[in-house]
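A.B. asks: What follows is a single structure, and I will ask about it in a moment.
Residue numbers (my numbering): 3 to 175.
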């Protein structure tokens, strides 16, 4: 599992700054990005909202789509399929991929706490704490019929996109 964790970690390190708007435009003054990250990172680390998509429904009410942040879904697809991990993961139950990816994203966000990238402890204990929190969230999702149906659909879409991206046929399992 440590090799899979490193693959997710490396992918997250290359995408999180842009995906979560930690990176400012090149036209920003030197030092502005540091101040920006110092202000934003604690909010991102407050909970797991960085893994969710927030959107307004037809009535203008904000809805939280659990584990559906666009960059996060793309990360699951890219890491699992482009790196060949799909051979080792049950396509009907991507829970471990979500938990590994989420833990990697959180670790990457933590690395920017000071405003500048500084590697943080990615010890097994710290990693497994986040990993387990995400698995507990997935258990909560599975316990709710509406959320469970949405999560199952999300997994199906991830598998379909992943297979399409690398040209797998439905007969090639």
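Where is the CB? At the ideal position from N, CA and C, for every residue including glycine. As the structure is a prediction and not an experimental result, all values here were calculated from the model.
Using the beta-carbon count (16 or more within 10 Å), is residue 86 buried or exposed?
C.D. replies: exposed
A.B. asks: Going by alpha carbons, who is nearest to residue 112 out of 4, 7, 9, 24?
C.D. replies: 24
A.B. asks: For residue 56, is the classification buried or exposed, using 16 other Cβ atoms within 10 angstroms of its Cβ as the cut-off for buried?
C.D. replies: exposed
A.B. asks: Suppose contacts are defined by Cβ-Cβ distances below 9 Å. Is residue 157 in contact with residue 95 by that definition?
C.D. replies: yes
A.B. asks: Tell me the start and end of each unbroken alpha helix (DSSP H) in the stretch 57-132 that is at least 4 residues and wholly inside, in chain order.
C.D. replies: 72-79, 97-112
A.B. asks: Of the choices 109, 129, 168, 128, whose alpha-carbon is the least far from that of residue 120?
C.D. replies: 109
A.B. asks: From this set, 102, 93, 123, 97, which residue's C-alpha is nearest residue 142's C-alpha?
C.D. replies: When each option's Cα is compared against that of residue 142, the closest is 97.
A.B. asks: Name the residue from 40, 90, 101 whose alpha carbon lies nearest to the alpha carbon of residue 75.
C.D. replies: 101
A.B. asks: Can you tell me which residues form a DSSP beta bridge with residue 55?
C.D. replies: 67
A.B. asks: Suppose you measure from the CA of residue 33 to the CA of residue 91; what does that come to, to the nearest Å?
C.D. replies: Going by the C-alpha atoms only, they are around 43 Å apart.
A.B. asks: Compute the Euclidean distance between the alpha carbons of residue 54 and residue 89, then round it to the nearest angstrom.
C.D. replies: Roughly 26 Å between the two C-alpha positions.
A.B. asks: Reducing DSSP to helix, strand and coil, say where residue 145 ends up.
C.D. replies: In the three-state reduction of the DSSP assignment, residue 145 falls in the helix class.
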